[in-house]
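Taken in order, these protein sequences are the chains called A and B. In terms of the UniProt record's numbering, the first sequence is residues 1 to 198. In terms of the UniProt record's numbering, the second sequence is residues 1 to 198. The beta carbon of each residue, even a glycine, is placed where N, CA and C say it ideally should be.
2 protein chains.
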Amino acid sequence: MTTAIQPRTLKTRARLIEAATAIVEDSSFTELRVEEVVRRAGVAKGTFFAHFKDKDALLDRMIGEIIDQHLDQIGAGAAPTSVDQIMVALTPLMTFIGSEREVFGVILRYSGATTVEEIGPIAATFERFVLVLSDWFIDGPFRQDADPATLAEGVQAFMFQALALNFCAINNQRSVHDRLRPYLELWLHPAKALDPQG
Amino acid sequence: MTTAIQPRTLKTRARLIEAATAIVEDSSFTELRVEEVVRRAGVAKGTFFAHFKDKDALLDRMIGEIIDQHLDQIGAGAAPTSVDQIMVALTPLMTFIGSEREVFGVILRYSGATTVEEIGPIAATFERFVLVLSDWFIDGPFRQDADPATLAEGVQAFMFQALALNFCAINNQRSVHDRLRPYLELWLHPAKALDPQG
DNA sequence: ATTCATTATTGACCGCGGTCAATTTTGTGT
DNA sequence: ACACAAAATTGACCGCGGTCAATAATGAAT
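What follows is the structure, given as structure tokens:
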């Protein structure tokens, strides 16, 4: 039998990712073209698709890696003790997700996986997001009547709601921050909301 | 000056929409092709793009109309007095949105408008969604410490969260319903959640 | 009826993602 | 060294959304 995976393969894949990264640095995710990637990498078009199922799979990997780096930062800091601190902690990630329509689009498409075996990088980061945030809600100064993971999922939902509305010209006068804060206040401090003194 | 809009125009547009509707009935939104639409309508490809900015604009219109019909139903019924009743009321709309990945995708893309003048049908329905649901939260048996519109936006966010997770193979064992209920319970009945007897 | 500016339609063409049969490269057994 | 099968690469090709200069149809003014 022959070697299952050749060194050549890894080298080519690295070249493709390198080329793609350079393109994003030069312009943006939106303007990334497969034909430009293979041109810079010096390989044929077909080679690209031998390495990535489709263009989105490459973006999935690149964007997933960036999100993971943000989660490293989020997880490394001390657990927030207020909604404001939560928003400060989440800001860099939200800024990235909201930086380009294309990025937001890919994340929305890839937040779900088609089959269990094919859980992509982005989908994985969203599981991780819930794990990281759940820690904040165990014994934190936030509501204790709910499953921490459910609270984390709620924060995720509100984050996307705020970002989606921000991409919408009708109501993008308010910043993502101003939009997210009341959601989180009501979600995480229902008692305080019921009674401002409490 | 000449007539601003010719009868011919309306007729052609109607033929295009008719053809597209027939295709969706025959197959699905996913399999709708512009070339098939113009073939059935008996016009050239360029004509399509003289009537619709792009393919998404047609889908925006078709899907927006369907969502509007669901909102008619939702608005016509009596205001729900429990989370379960809310879910019953929202079920037909959620079933439609979750019926096809393509439908969900178009809605996510078009829930926001690029410019204020270009608020599309789907974006309009989401403003209407908030209006309709806000009515339920004024003087209803739900939390009274929050702006009704904010509560409605929260329901919207959770609806999308539940739908998005449902498209995800990792965790689609739970139904959309089972996923949505705890969110809404915690969102709309924080006091009850704090004290099960209350 | 004829002119003429405006509007609608046409279809060849392009961009770009994605496919696949043919070809080349690679590592292993002899 | 050589043969050979598996793996990697190639590039012509396709599908389909979208463009645009050229052409045709329309209706108002005369």
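{"query": "Would you kindly work out how many angstroms separate the C-alpha atoms of residue 7 (chain B) and residue 131 (chain B), rounded to a whole number?", "result": "35 Å"}
{"query": "Rounding to the nearest angstrom, what Cα-Cα distance links residue 24 (chain A) and residue 72 (chain A) in this structure?", "result": "22 Å"}
{"query": "With a CB to CB cut of under 7 Å and the five nearest residues on each side skipped, what residues in its chain are close to residue 94 (chain A)?", "result": "159, 163, 176"}
{"query": "Terminal residues of the continuous alpha helix (DSSP H) containing residue 182 (chain B)?", "result": "176-188"}
{"query": "Should residue 15 (chain A) and residue 42 (chain A) be called a contact, given that it needs their Cβ atoms to be closer than 9 Å?", "result": "yes"}
{"query": "Helix, strand or coil: which one does DSSP assign to residue 76 (chain B)?", "result": "helix"}
{"query": "Is the Cβ-Cβ distance between residue 205 (chain B) and residue 107 (chain B) less than 9 Å?", "result": "Nothing can be reported for residue 205 (chain B), as the shown portion of chain B is limited to 1 through 198."}
{"query": "Please report the distance separating the alpha-carbon of residue 179 (chain B) from that of residue 50 (chain B).", "result": "43 Å"}
{"query": "If you pair each beta-carbon of the stretch 122-142 of chain A with each one of the stretch 121-136 of chain B, do three or more pairs fall below 8 Å?", "result": "no"}
{"query": "Quick one: residues in its chain with C-beta nearer than 6 Å to the C-beta of residue 86 (chain A), no 5 flanking neighbours on either side, listed in chain order?", "result": "80"}
{"query": "With a cut-off of 9 Å, does the C-beta of residue 208 (chain B) fall near any C-beta of chain A?", "result": "Chain B is shown only over 1 to 198; residue 208 (chain B) falls outside these bounds and no answer can be derived."}
{"query": "Suppose only complete runs of 4+ residues qualify. What are the alpha helix (DSSP H) ranges in the stretch 101-137 of chain A, listed by chain order?", "result": "101-110, 121-137"}
{"query": "Quick check: the Cα distance between residue 174 (chain B) and residue 144 (chain B), rounded to an integer number of angstroms?", "result": "30 Å"}
{"query": "Buried or exposed: where does residue 190 (chain B) fall if 16 or more other Cβ atoms within 10 Å of its Cβ makes it buried?", "result": "buried"}
{"query": "Within this structure, are the beta carbons of residue 38 (chain A) and residue 55 (chain A) separated by less than 9 Å?", "result": "no"}
{"query": "Rounding to the nearest angstrom, what Cα-Cα distance links residue 154 (chain A) and residue 11 (chain A) in this structure?", "result": "41 Å"}
{"query": "What does residue 142 (chain A) reach in chain B if we use C-beta pairs closer than 8 Å?", "result": "Those within 8 Å of residue 142 (chain A) in chain B number zero; the least Cβ separation is about 12 Å."}
{"query": "Looking at the C-beta of residue 190 (chain A), does it have a partner C-beta in chain B at a distance below 9 Å?", "result": "yes"}
{"query": "Which residues in chain B have a C-beta closer than 9 Å to the C-beta of residue 156 (chain A)? List them in chain order.", "result": "161"}
{"query": "In terms of residues, what are the limits of the alpha helix (DSSP H) holding residue 14 (chain B)?", "result": "7-26"}
{"query": "What three-state label does DSSP hand residue 45 (chain A) in the structure shown?", "result": "helix"}
{"query": "Helix, strand or coil: which one does DSSP assign to residue 139 (chain B)?", "result": "coil"}
{"query": "In angstroms, rounded to a whole number, what distance separates the CA positions of residue 157 (chain B) and residue 89 (chain B)?", "result": "16 Å"}
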